[in-house]
Structures are given as structure tokens and as C-alpha cells.
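Engineer:
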Amino acid sequence: MHSASSLLLTTLASLLSATYVHAATYSLHQNNVGTDFLSNFVWETTANPPGGRVEYTTQSDALSANLTYAHGDTFIMRVDDTATLSASDAGRKSVRIKSNEQYTTHVAVFDIRHMPQGCGTWPAIWEVDDTVGVAHGEVDIMEGVNNHSPGYSTLHTPNSCTMPTNGRNQKGTAVGNDCSSTTTESDGNNGCSVSSPFSSSYGPTFNANGGGWFVIERTSSAVSIWFWARGDDTVPAAVSGGASTIDTGSWSTPPIANFPSSSTCDFSTNLKSHNIIINTMLCGPWAGERYSASGCPGTCIDYVNSNPSAFTDAYWDFAALRVYL
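Each residue of the sequence shown is one higher than the one before, starting from 764 at the first, in the working numbering.
(1) Beta-carbon within less than 8 Å of V938's beta-carbon, same chain only, minus the 5 sequence neighbours each way: which residues are those?
(2) Are S1024 and S1013 close, meaning C-beta to C-beta below 9 Å?
(3) Can you give me the start and stop residues for the alpha helix (DSSP H) that W989 sits inside?
(4) Between which two residues does the beta strand (DSSP E) containing W885 stretch?
(5) Go ahead and label N1068 buried or exposed: buried means 16 or more other beta carbons lie within 10 angstroms of its beta carbon, across all protein chains shown.
(6) Using 9 Å as the threshold, is the C-beta distance between W989 and P1018 below it?
(7) By the 10 Å Cβ neighbour count, where 16 or more other Cβ atoms means buried, how is P999 classified, buried or exposed?
(8) Let's test the definition: count the other Cβ atoms within 10 Å of the Cβ of L1084 and tell me whether it reaches 16, buried, or not, exposed.
(9) G907 lies in the alpha helix (DSSP H); which residues open and close that run?
(10) Which same chain residues, not among the five before or five after S1072, have their C-beta less than 7 Å away from its C-beta?
(11) For the pair the region 795-807 and the region 829-839, tell me if three or more CB-CB distances fall below 8 Å.
(12) Three or more beta-carbon pairs under 8 Å between the region 848-860 and the region 929-944, yes or no?
(13) Who are the Cβ neighbours of D1080 in its own chain at under 6 Å, not counting the five residues just before and after it?
(14) Give the single residue among A985, A825, R816 and Y789 whose Cα lies nearest to the Cα of V872.
(15) Would you call the region 1049-1063 and the region 902-912 in contact, with 3 or more CB pairs under 8 Å?
(16) Threshold first: 3 residues or longer. Then list the beta strand (DSSP E) segments lying entirely within the region 794-877, N to C.
(17) Name the residue from Y866, T1016, G975 and T968 whose alpha carbon lies nearest to the alpha carbon of N932.
(18) If you follow the alpha helix (DSSP H) that G914 is in, where does it begin and where does it stop?
(19) G951: buried (16+ other C-beta within 10 angstroms of its C-beta) or exposed?
(20) Excluding the 5 residues flanking T920 on each side, which residues of the same chain have their C-beta closer than 6 Å to its C-beta?
(21) Does S1007 pass the burial test, meaning 16 or more other C-beta atoms within 10 Å, or should it be called exposed?
(22) If I'm right that G815 touches C1046 with Cβ under 8 Å, what's the distance once you round it to whole angstroms?
(23) Alpha carbon to alpha carbon, how far is K856 from A1020?
(24) Going by DSSP, which residues form a beta bridge with W1049?
(25) When we look at the beta-carbon of P886 and count the other beta-carbons within 10 Å, is it buried (16 or more) or exposed?
(26) Below 8 Å on the Cβ atoms is my guess for I1009 versus V870; work out the distance and round it to an integer in Å.
(27) In three-state terms, what does DSSP make of D1065?
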């Protein structure tokens, strides 16, 4: 017979084990492959941010113009590469999609074969409730501009939030530890940004390698983002194979970015329910600002207006987007 103290220790150990398993093991909730994107996402037609040169299209218009294409295990989102624009045009046509569902604790696996590349492009995958800006927080899973490596992962918060400088168990390099932002992505605050350590995680190098997998895990205690390039033999089989369950606790590879909740950044007040958003912006407050420094010709607006063929490679090709709860 167990003593009272040993029974208590056994019970506590069981509770701790159960808590850990619950936090680390997730079951497939939504499997977006090919035409699944058409029913599980909405096509947004939001306005340009300052300096932007894009016109987001409806789903029906995107399908008819072949800016969206879905068949088999292929889902394409691309920028128009045929029209020469005048100053009176709203912008070059592009696609921005938002998940119908919102998420808090979850894992999302993005299996991507190709991302938009080229001068003037600003491809991004992010999570936010864009009906309220960053009032409910924002997590940029991956984004970059103008073919200028590396890509970045960033946390934006509405309230005071600072990340620790050291001890975050991440492969990437922190380039900002003040996450607080008062308005939107265009307010000039770069947030808590982490640069990827892998050239294969962004732009032409990513595409030449056949893409790879981005994974986000969000819990009440941390937000973590991983990347594995196509052909990387360290990618977990559950990630590459689209398994029905994922156990992040079994992964030996540290994330490229890790944002912990703490006394200096309380996630319960800074992060609420988020949609998943995927888009390709043209110019705007980041791609436009970094345009010349990226070695791109002329001005961003003029380039986007006058060079439609330059955007032939400005497209996303998703093999899958899997959400686990």
C-alpha cells in the first residue's frame, strides 16, 4: 500500500505529465489541400497601406483571372504579370486570403513549394485579427521584401511587451525586443523581430530548393516558429507526411524564433484569437522603404506600374496548410 505522501507525489507527477502531453500533442483539425482553401478562407479586398501598390481581388475575380488556381494538391496565389498600370489604377492585382476560423492554442504547418519573389514584393504569412489591427496582437510567421534575405518572424503586441535578450532557445537572431505597437504594421514599429538563420527560408533560394515547411506553435506560454527546407533529413515525419497528430515535445530541433510569455510580456492580455492570413503586398511601408537598399531599380511604384513581366515569379504554391488543435 502506498503512503499518503507517495500517493500525493504520484498524483502530482500524473497531473504534470498530462499537462505536458496536452500542451505538446495536437490532433489534425483542418487539412487544407487544393480546393479546400476555397471554402476555408475568404478573399480580402483591403485597402493599400501607405505607399502600397496593390489591388486585392475577390475570390471570383481571382479565379477568373487565374490569380488563384486550385487543383489536386496544388493551391496557387499570384500577382498579375500582364497589365501595365497608369497612375489612376488602384494597383497591381494580387491575392490576400484569411481563414474563416480563428485560433488561440494550435499548431499550423505550411507546406510551401514556392513563395513570391522579385523587387517590390512583400510576401507574408501571419496571424492576427485584422478587424482590430494589432489590438489583439499579431504574429508574423514569415515575411520579407525585395528578394532581400533573410526572412523574418515577428511578434507585435498592443500593450507593453519586451522579450528577453538571452535564453530564448532559438536559432534565429533577435533584432528587436520591444514588441509593443500602437496602431498597425505601418506605424513604423518593427516589433520583436527575429531574422532567420537560413538563406533557404526566403526568396529565390527557398524557391530554387523546392520550398519547405514553416510551423507555428502557439500556447499560453510561448509562440514558436520552425523552418525546415525541402530535403532536410531532420524534418519531423509528422510535419513532412501530414500526420493526423503532431507532438512538438518530441522535436529536437530548436525553433528559428521563440517568443515566451513572461512578467514583461503577458500573453493573456496581448494575444487574443487570430485568423491566418497569407498575402503578397507590393511596395508599402517596408518593401517600399527598403526598395533602393535592396538593389532594385528606379522607384518601387514606377517599377510595379511599368514592369508586369517582373512579377511572373511573384506567386505562392502551397502543397498543404494543416491546422492542429
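Every residue, glycine too, gets a C-beta built ideally from N, C-alpha and C.
Structural biologist: This is what the structure gives:
(1) Excluding sequence neighbours, V938 sits near Y915, N953, S956, V957 and S958.
(2) Cβ atoms of S1024 and S1013: not closer than 9 Å.
(3) For W989, no alpha helix (DSSP H) segment is defined; the enclosing uninterrupted segment is the beta strand (DSSP E) at A985 to A992.
(4) Run containing W885: T884 to V891, per the beta strand (DSSP E) assignment.
(5) Within a 10 Å sphere around the beta-carbon of N1068 sit 16 or more other beta-carbons, which makes this residue buried.
(6) Contact: yes.
(7) Its Cβ being crowded by 16 or more others within 10 Å, P999 is buried.
(8) With 16 or more other Cβ atoms within 10 Å, it is buried.
(9) If you look at G907, you'll find it isn't in any alpha helix (DSSP H); it sits in the beta strand (DSSP E) that goes E901 to V908.
(10) Once the five neighbours on either side are set aside, the close Cβ partners of S1072 are D844.
(11) Here the region 795-807 makes contact with the region 829-839; the two share three or more CB pairs at distances below 8 Å.
(12) The region 848-860, when compared against the region 929-944, does not touch it at the 8 Å Cβ threshold.
(13) Around D1080: I839, R876 and H877.
(14) Looking at the Cα atoms, Y789 is the closest of the given residues.
(15) Contact between the region 1049-1063 and the region 902-912 is present, because at least three Cβ pairs lie under 8 Å.
(16) Counting only runs of 3 or more residues that sit fully inside the region 794-877, the beta strand (DSSP E) segments are 804-806, 817-819, 831-834, 837-841, 855-857, 859-862 and 869-877, in chain order.
(17) For the residues Y866, T1016, G975 and T968, the minimum Cα distance to N932 belongs to T1016.
(18) Unbroken run through G914 is the beta strand (DSSP E), H911 to H919; no alpha helix (DSSP H).
(19) Confidence at G951 is low in this model, with a pLDDT of 48, below 50, so its placement is unreliable and the value that follows should be read with caution. G951 should be labelled exposed.
(20) Within the same chain, T920 has close Cβ partners G900, C942, S943 and N1033.
(21) Note on S1007: under 16 other CB atoms within 10 angstroms of its CB, so exposed under the neighbour-count rule.
(22) Right, their Cβ atoms sit about 6 Å apart.
(23) Going by the C-alpha atoms only, they are around 32 Å apart.
(24) W1049 is not bridged by DSSP to any residue.
(25) Counting of Cβ neighbours within 10 angstroms places P886 among the buried residues, the total reaching 16 or more.
(26) Between V870 and I1009 the Cβ distance is about 5 Å, and since that is below 8 Å, they are a contact.
(27) Annotated three-state conformation of D1065 is helix, per DSSP.
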